[in-house]
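Visitor: Respectively, the protein sequence lines represent chains P and Y. To convert, note that position 225 of the first sequence is 225 in the UniProt record's numbering; the numbers rise steadily by one, no gaps. To convert, note that position 34 of the second sequence is 34 in the UniProt record's numbering; the numbers rise steadily by one, no gaps.
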Amino acid sequence: MTSVAEEAGTQTEAPKPTPGVAKRASAWARRAPLLPALVFMIIVTQLPFVATLVISFMDWNAYYPDEVGFAGFDNFARVFTDVNMRDAVWTTILLTAGVVLISLVLGLGIALLLDRKFRGRGAVRTMMIAPFLVVPVAAALIWKHALYNPEYGLFNGALTWIWGLFGSDNPPQPDWISNMPLWAVIFSLVWQWTPFMMLILLAGLQGRPLDVIEAARIDGANNWQIFRSMTLPHLRQYLELGALLGSIYIVQNFDAVFTITSGGLGTANLPYTIYQIFYQAHDYGRASAAAVIVVIGTIIIATFALRTVSSLFKEEGRR
Amino acid sequence: MTAVAAPVNKKKEGRGGAWLSLLAWVIGILFVLPVLWMVLTSFHSEANAAQNPPAVFAPLTLEGYREFFSGGASPWPPLLNSLTASILSTAIVLLLAIPAAYALSIKPVKKWSDVLFFFLSTKMLPVVAGLLPLYLFAQNAGLLDNIWLLIIFYTSMNLPIAVWMMRSFLSEVPVEMLEAASVDGAGLTKTLRSVIAPVVMPGIAATALICFIFSWNELLFARVLTATVAETAPVFLTSFVTSQGLFLAQLCAAAFVVSLPVLVAGFAAQDKLVQGLSLGSVK
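Below you can see the structure in the form of structure tokens.
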């Protein structure tokens, strides 16, 4: 992650074969439009991280302002031995993997359905996008109060109505959030992220070479064979892209956890836990150490993500 | 992307095809149902909103909206704060991103792809890792509860996305057109105005809308860095997290009002949404 930054930084001093004044001026003229954005990003995103790194080695709690000092690896030791932290890592993995996998599978199915011509295709596509365009906090509030609520939520309301159709006045009325807190969060996120996956996969499907598929069909391949041996391999990079971009966003999810369960009932993921250590316990050193560990974990995932984007990018061809 | 441009399988379909179309409709309706339910409930009275089984055909009323806008704390300052932060940060993002994208595509600098990947890598750093230093900086600089701090942060949050998107749109400008312009002796301004601008204008609009959406949606930083003065709309919504008796209609009205700008911007950018969300790697 930072190695890219360094390269970007050092390249300005790259030795040139014939350092004529005019040539140098033209190189700077090329660079000039880029510099404001680059400098801005380095200041706003790289400096705070350096600060986090420094604070992670400090003993610093805002409740005890007189005891600020160097702590060595104490914060890291406390983070690694903290049961809540370990639970948070596990919760983050379950939450991210659950949301990404389920929304990817659903998104693939729906993309395949929408890749056919039928009446109202545009309307269905528009309806599918809607969940992604509800403000995340608002979506989480709607799921918590208007859908999951055991007394007046739509889910239990629908159960009452269906049971009523069969003449029963004793429908099951589960308390969804208490019974399955993590799944409650996962489902609300799957609802928001399936459209995202669907859009990427649909774009992938529509870039398929149709003549080859037609040829395979004439040669007697059935739908399943075409899907297995032609569509799926073609979609692989789009599936990877969807999974990785989805992971980047969902690993960082705060809104749904904060709103639906307030991090209770074993749903506190890493961003929420770090927020708590910092915002409620005011333990700056420990929050920073946790943040550093999360960043290291992210770099490992991000390396794969960058590789995927980079492979898509190379296919596009260079200018 | 659009139904017009999409190549579709044109094989003959019998009854199986009809069932698949029906299935697509059912799934589409299931996905949009919570949104429709939110809108419908927002127009019900509080008593009807809390019915079980649901009172679908209950009379419509503006009670929920009235309660939301004038019941307690006014939602207007947060809504205006969100609007300010989103619009200003989007404007700054475009000002920084368009020249940068130009230097990464039309007249590329050396090692331009490294620079591009540096921008992307910043997007992968968990934002929560930068939260504490920004908070401490704001506290020392007296910028806590100041909308400008959010504007700067939202700019940094969206700049990588915008650079990637704009680069992808700028590389759609045909090289021949640029060459022809330079052969004709057109200067930079003229080339920008008459060759590049017409091709990339829709791209700029889509980039702006997507940056607007991401800024408008942001909760974590707004919650930590603002209080009463610079509070944004998502932070205002968190007052509905704990249940408060009969409040469902008001909650749905609030959720709908806050989501409305995003729904409008999102449907407006519909055709370029994938390209934007995939940072230009999927067209």
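We put the beta carbon where it would ideally sit given N, CA and C, even for glycine.
Which of the three DSSP states is assigned to G17 (chain Y) in this structure?
Guide: On the second sequence, position 17 is the one that residue 17 (chain Y) refers to. Three-state DSSP puts G17 (chain Y) in a helix.
Visitor: Using 8 Å for Cβ pairs, my map puts L34 (chain P) next to V173 (chain Y). What's the rounded Cβ distance?
Guide: Within the first sequence, the letter at position 34 stands for residue 34 (chain P). Within the second sequence, the letter at position 173 stands for residue 173 (chain Y). No, L34 (chain P) and V173 (chain Y) are not in contact; Cβ-Cβ is about 18 Å, not under 8 Å.
Visitor: Since I believe M128 (chain P) is in contact with G276 (chain Y) (beta carbons under 8 Å), could you give me their beta-carbon distance rounded to a whole number of angstroms?
Guide: Taking the second sequence and counting its residues from 1, the one referred to as residue 276 (chain Y) is at position 276. Taking the first sequence and counting its residues from 1, the one referred to as residue 128 (chain P) is at position 128. Contact doesn't hold; Cβ gap of about 17 Å is too wide.
Visitor: I need the DSSP call for K16 (chain P), collapsed to helix, strand or coil.
Guide: Locating residue 16 (chain P) in the first sequence gives position 16, where the first residue counts as 1. Here the model assigns K16 (chain P) a pLDDT of 46, short of 50, so the residue's position is not dependable and the matter cannot be decided.
Visitor: Within 8 Å of any Cβ in chain Y, is that where the Cβ of S229 (chain P) sits?
Guide: Reading the first sequence from its first residue, position 229 is the one you call residue 229 (chain P). No - not a single Cβ of chain Y is within 8 Å of the one on S229 (chain P).
Visitor: With distances taken between CB atoms, is the gap from V93 (chain Y) to N146 (chain Y) smaller than 8 Å?
Guide: If you number the second sequence from 1, residue 93 (chain Y) lands on position 93. If you number the second sequence from 1, residue 146 (chain Y) lands on position 146. Not in contact: V93 (chain Y) and N146 (chain Y) (Cβ atoms no closer than 8 Å).
Visitor: In terms of alpha-carbon separation, which member of P:L239, P:A29 and P:G72 lies closest to A203 (chain P)?
Guide: Numbered from 1 along the first sequence, position 203 holds the residue referred to as residue 203 (chain P). The shortest Cα separation from A203 (chain P) among P:L239, P:A29 and P:G72 belongs to P:L239.
Visitor: V200 (chain Y) lies in the alpha helix (DSSP H); which residues open and close that run?
Guide: Indexing the second sequence from 1 puts residue 200 (chain Y) at position 200. Segment A197 to N217, the alpha helix (DSSP H) holding V200 (chain Y).
Visitor: To the nearest angstrom, how far is the alpha carbon of S262 (chain P) from that of A268 (chain P)?
Guide: Locating residue 262 (chain P) in the first sequence gives position 262, where the first residue counts as 1. Locating residue 268 (chain P) in the first sequence gives position 268, where the first residue counts as 1. Cα to Cα, the separation comes out at about 8 Å.
Visitor: Contact defined as beta carbons within less than 8 Å: I believe F196 (chain P) pairs with G122 (chain P). What is the distance between those atoms, to the nearest angstrom?
Guide: Your numbering for residue 196 (chain P) matches position 196 in the first sequence. Your numbering for residue 122 (chain P) matches position 122 in the first sequence. The pair is not a contact, with the Cβ atoms about 19 Å apart (cut-off 8 Å).
Visitor: Within the continuous alpha helix (DSSP H) that includes Q225 (chain P), where are the two ends?
Guide: Sequence index remark: in the first sequence, residue 225 (chain P) carries index 225 (1-based). Its alpha helix (DSSP H) spans residues N223 to I226.
Visitor: Report the rounded CA-to-CA distance for S73 (chain Y) versus N170 (chain P), giving the unit in angstroms.
Guide: Counted from its first residue, the second sequence places residue 73 (chain Y) at position 73. Counted from its first residue, the first sequence places residue 170 (chain P) at position 170. The question names Ser, but residue 73 (chain Y) in the sequence shown is Ala. The alpha-carbon atoms of A73 (chain Y) and N170 (chain P) are separated by roughly 41 Å.
Visitor: Please state whether DSSP places K10 (chain Y) in a helix, a strand or coil.
Guide: Sequence index remark: in the second sequence, residue 10 (chain Y) carries index 10 (1-based). For K10 (chain Y), the predicted model reports a pLDDT of 44, less than 50, meaning its position is unreliable and no value from the coordinates is stated.
Visitor: Would you say M127 (chain P) reaches chain Y, if we count a Cβ-Cβ gap shorter than 8 Å as a contact?
Guide: Position 127 of the first sequence, counted from the first residue, corresponds to residue 127 (chain P). With 8 Å as the cut-off, M127 (chain P) counts as an interface residue toward chain Y.
Visitor: Which of the three DSSP states, helix, strand or coil, is assigned to residue 321 (chain P)?
Guide: Because chain P in this structure spans residues 1 to 319, residue 321 (chain P) falls outside the shown range and cannot be described.
Visitor: Within this structure, are the beta carbons of V235 (chain Y) and P78 (chain Y) separated by less than 8 Å?
Guide: Within the second sequence, the letter at position 235 stands for residue 235 (chain Y). Within the second sequence, the letter at position 78 stands for residue 78 (chain Y). Yes, the Cβ-Cβ distance between V235 (chain Y) and P78 (chain Y) is below 8 Å.
Visitor: How far does the alpha helix (DSSP H) with W191 (chain P) in it reach, from first residue to last?
Guide: Indexing the first sequence from 1 puts residue 191 (chain P) at position 191. Looking at the DSSP string, the run of the alpha helix (DSSP H) that includes W191 (chain P) is P181 to L205.
Visitor: Listing by chain order, which chain Y residues have their CB less than 8 Å from the CB of N179 (chain P)?
Guide: Position 179 of the first sequence holds residue 179 (chain P). The contacting residues do not exist; N179 (chain P) stays about 17 Å from chain Y at best.
Visitor: If you measure between the beta carbons of H145 (chain P) and L150 (chain Y), is that distance less than 8 Å?
Guide: Taking the first residue of the first sequence as 1, we reach residue 145 (chain P) at position 145. Taking the first residue of the second sequence as 1, we reach residue 150 (chain Y) at position 150. Taking 8 Å as the Cβ cut-off, H145 (chain P) and L150 (chain Y) do not qualify as a contacting pair.
Visitor: Which residues in the same chain have their Cβ closer than 8 Å to the Cβ of L53 (chain P), if we skip the five residues on either side of it in sequence?
Guide: The residue given as residue 53 (chain P) occupies position 53 in the first sequence. Answer for L53 (chain P): S288 and V292, listed in chain order.
Visitor: Which bits of chain P does T122 (chain Y) rub up against, with CB to CB less than 7 Å?
Guide: Against the second sequence, residue 122 (chain Y) aligns to sequence position 122. Going along chain P in sequence order, the residues near T122 (chain Y) (Cβ under 7 Å) are M41 and T45.
Visitor: Quick one: give me the first and last residue of the alpha helix (DSSP H) that W76 (chain Y) is part of.
Guide: As a position in the second sequence, residue 76 (chain Y) is number 76, starting the count at 1. Segment W76 to S105, the alpha helix (DSSP H) holding W76 (chain Y).
Visitor: Going along the stretch 121-147 of chain Y in order, which residues come within less than 9 Å of chain P, judged by CB to CB distance?
Guide: Listed by position, the residues of the stretch 121-147 of chain Y near chain P (Cβ gap below 9 Å) are S121, T122, K123, M124, L125, P126, V127, V128, A129, G130, L131, L132, P133, L134, Y135, L136 and F137.
Visitor: Applying a beta-carbon distance threshold of less than 7 Å, which residues of chain P neighbour M165 (chain Y)?
Guide: Working through the second sequence from its first residue, we reach residue 165 (chain Y) at position 165. The contacting residues do not exist; M165 (chain Y) stays about 13 Å from chain P at best.
Visitor: Got a sec: is the Cβ-Cβ distance from N52 (chain Y) to anything in chain P below 8 Å?
Guide: The residue you call residue 52 (chain Y) lines up with position 52 of the second sequence. With 8 Å as the cut-off, N52 (chain Y) counts as an interface residue toward chain P.
Visitor: Select from Y:L36, Y:L22, Y:F31 and Y:T41 the residue whose C-alpha is nearest the C-alpha of L246 (chain Y).
Guide: Here the question's residue 246 (chain Y) lines up with position 246 in the second sequence. Nearest option by C-alpha distance: Y:T41.
Visitor: Can you tell me whether F57 (chain Y) is helix, strand or coil according to DSSP?
Guide: As a first step, residue 57 (chain Y) must be located in the second sequence, where it is residue number 57. Looking at F57 (chain Y) - three-state DSSP - the assignment turns out to be coil, as it is neither helix nor strand.
Visitor: Locate the alpha helix (DSSP H) running through D211 (chain P), then write down its first and last residues.
Guide: If you number the first sequence from 1, residue 211 (chain P) lands on position 211. Element bounds for D211 (chain P): L210 to I218.
Visitor: Taking 8 Å as the threshold (beta carbon to beta carbon), is T92 (chain P) in contact with chain Y?
Guide: On the first sequence, residue 92 (chain P) is found 92 positions in, with the first residue counted as 1. No - not a single Cβ of chain Y is within 8 Å of the one on T92 (chain P).
Visitor: So which residues of chain Y does A218 (chain P) contact, with C-beta pairs closer than 9 Å?
Guide: Stepping through the first sequence from its first residue, residue 218 (chain P) is reached at position 218. A quick correction: the sequence has Ile, not Ala, at residue 218 (chain P). Those do not exist, as I218 (chain P) stays about 11 Å from chain Y at its closest Cβ, beyond 9 Å.
Visitor: Applying the 10 Å Cβ sphere with the 16-neighbour rule, what's the burial state of P174 (chain P)?
Guide: The residue given as residue 174 (chain P) occupies position 174 in the first sequence. Answer is exposed; the Cβ neighbour count stays below 16.
Visitor: Could you tell me if A18 (chain Y) is buried or exposed, where buried requires 16 or more neighbouring beta carbons within 10 angstroms of its beta carbon?
Guide: Residue mapping note: residue 18 (chain Y) aligns to position 18 of the second sequence, counting from 1. Flag for A18 (chain Y) reads exposed.
Visitor: When burial is assigned at 16 or more other CB atoms within 10 Å of the CB, is D211 (chain P) buried or exposed?
Guide: Indexing the first sequence from 1 puts residue 211 (chain P) at position 211. With fewer than 16 other Cβ atoms within 10 Å, it is exposed.
Visitor: Whether or not the stretch 252-271 of chain Y and the stretch 128-142 of chain P are in contact is what I'm after, with contact meaning three or more pairs of Cβ atoms, one per stretch, closer than 8 Å; do they touch?
Guide: Flag = yes, the stretch 128-142 of chain P and the stretch 252-271 of chain Y touch.
Visitor: Taking the continuous alpha helix (DSSP H) assigned at D114 (chain Y), which residues delimit it?
Guide: As a working note, residue 114 (chain Y) is residue 114 in the second sequence. W112 to M124 is the extent of the alpha helix (DSSP H) around D114 (chain Y).
Visitor: With 8 Å as the C-beta to C-beta threshold (strictly closer), list the residues of the stretch 254-274 of chain P near chain Y in chain order.
Guide: Listed in sequence order: F254, D255, F258, T259, S262, L270, P271 and I274.
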